[in-house]
Amino acid sequence: MDDYKFLFKVVLIGEAGVGKTCLVRRFCQGVFPIGQAATIGVDFLIKNLEINGDKIKLQIWDTAGQERFRTITQSYYRSANAIIIVYDVSNQPSFDRLPEWLRELKQHINEKVVVILVGNKCDLTEGREIPYHIGESFAQRHNMKFIETSAKESANVEQIFQELSTTLLKQANQIFETNRKDTKTLKNDIQSNKIYNCC
Numbered sequence: 001m002d003d004y005k006f007l008f009k010v011v012l013i014g015e016a017g018v019g020k021t022c023l024v025r026r027f028c029q030g031v032f033p034i035g036q037a038a039t040i041g042v043d044f045l046i047k048n049l050e051i052n053g054d055k056i057k058l059q060i061w062d063t064a065g066q067e068r069f070r071t072i073t074q075s076y077y078r079s080a081n082a083i084i085i086v087y088d089v090s091n092q093p094s095f096d097r098l099p100e101w102l103r104e105l106k107q108h109i110n111e112k113v114v115v116i117l118v119g120n121k122c123d124l125t126e127g128r129e130i131p132y133h134i135g136e137s138f139a140q141r142h143n144m145k146f147i148e149t150s151a152k153e154s155a156n157v158e159q160i161f162q163e164l165s166t167t168l169l170k171q172a173n174q175i176f177e178t179n180r181k182d183t184k185t186l187k188n189d190i191q192s193n194k195i196y197n198c199c
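The letter at position 158 of the sequence shown is residue 158 when you use the UniProt record's numbering, and the numbering goes up by one with no holes.
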């Protein structure tokens, strides 16, 4: 499916080991990679979707969480349409570092970029360290959408990208329609000037 109306760039960020790669591969390839090695630098996969009759292409960038790769990954924020911040519900430090990730984001993205907070590994009920309501509350305070997922069990993974794509498509269509109207108005103004100048 090479024909598409819009191409959207989605970037996943978060600490190493929270399951970013597993989320991407679960969504794009339908697999859960057991023993997945840590991402070095960045990697990306493509996923084609159809939302409300519109064909779109998602370019999903999976970034390394380690500090030593931070300079590399920051360069991918600038042209992003959406950011997915991932933490591990069974790993308190991955949640505690969220404010740092947000501060970093604000330096590189504009206010139109869609940001979603994802609490991954919700299948680990016995090892959970961050309750659902804590993640939800954090997201609300920072005006982000929030969802918990399990890449292993494929819980809510599709939902993240479907909701994200719907939001991005709505934004893009609004901009497209506004530009179309502006172009039409400009053409009418030019035509009116031609008529006026002729008389």
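Every residue gets a Cβ at the ideal spot worked out from N, C-alpha and C, and that includes glycine.
How big is the Cα-Cα spacing for residue i and residue j?
i, j, result
"Ile160", "Glu126", "24 Å"
"Phe69", "His108", "Confidence is the limiting factor: at Phe69 the pLDDT is only 46, short of 50, which leaves the residue's position unreliable, though a coordinate-based value still follows. Each residue's Cα considered, the two are about 16 Å apart."
"Leu169", "Ile51", "8 Å"
"Gln174", "Pro93", "39 Å"
"Ile40", "Lys20", "At Ile40 the pLDDT is 49, less than 50, meaning the model places this residue with poor confidence and gives no usable figure here."
"Phe176", "Lys5", "11 Å"
"Tyr77", "Glu111", "12 Å"
"Leu45", "Phe27", "10 Å"
"Asn179", "Val113", "19 Å"
"Trp61", "Arg128", "27 Å"
"Thr167", "Gly53", "14 Å"
"Gln133", "Gly119", "It is His, not Gln, that sits at residue 133 in the sequence shown. About 11 Å."
"Thr185", "Gln29", "Residue confidence for Thr185 is low, a pLDDT of 49 falling below 50, so the modelled location carries little weight and cannot support an answer."
"Arg25", "Gln162", "15 Å"
"Ile130", "Val115", "20 Å"
"Asp96", "Ser75", "23 Å"
"Leu105", "Arg141", "16 Å"
"Gly14", "Ala172", "26 Å"
"Glu100", "Lys57", "30 Å"
Taking 8 Å as the threshold (C-beta atoms), are residue j and residue i in contact?
i, j, result
"Leu7", "Gln59", "yes"
"Val18", "Asp88", "yes"
"Asn143", "Thr149", "no"
"Ala16", "Val42", "no"
"Phe138", "Leu98", "yes"
"Ser79", "Lys121", "no"
"Lys47", "Asp3", "no"
According to DSSP, what are the bridge partners of residue i?
i, result
"Glu153", "For Glu153, which the question treats as bridged, DSSP gives no partner whatsoever."
"Asp123", "Paired residue(s): none; Asp123 is not in a bridge."
"Thr63", "Val42"
"residue 213", "For the chain, the structure presents residues 1 to 199; residue 213 sits outside this window and is missing."
"Leu102", "None, per the DSSP bridge assignment."
"Lys57", "Leu7 and Asn48"
"Lys145", "Ile116"
"Tyr87", "Gly119"
Would you please state the rounded distance, in angstroms, between the beta carbons of residue i and residue j? I believe it to be under 8 Å.
i, j, result
"Phe146", "Leu117", "5 Å"
"Leu23", "Ala151", "5 Å"
"Asp123", "Glu153", "5 Å"
| query | Counting pairs of beta carbons, one from the stretch 26–34 and one from the stretch 72–87, are three or more of them closer than 8 Å? | reply | These segments do not touch.
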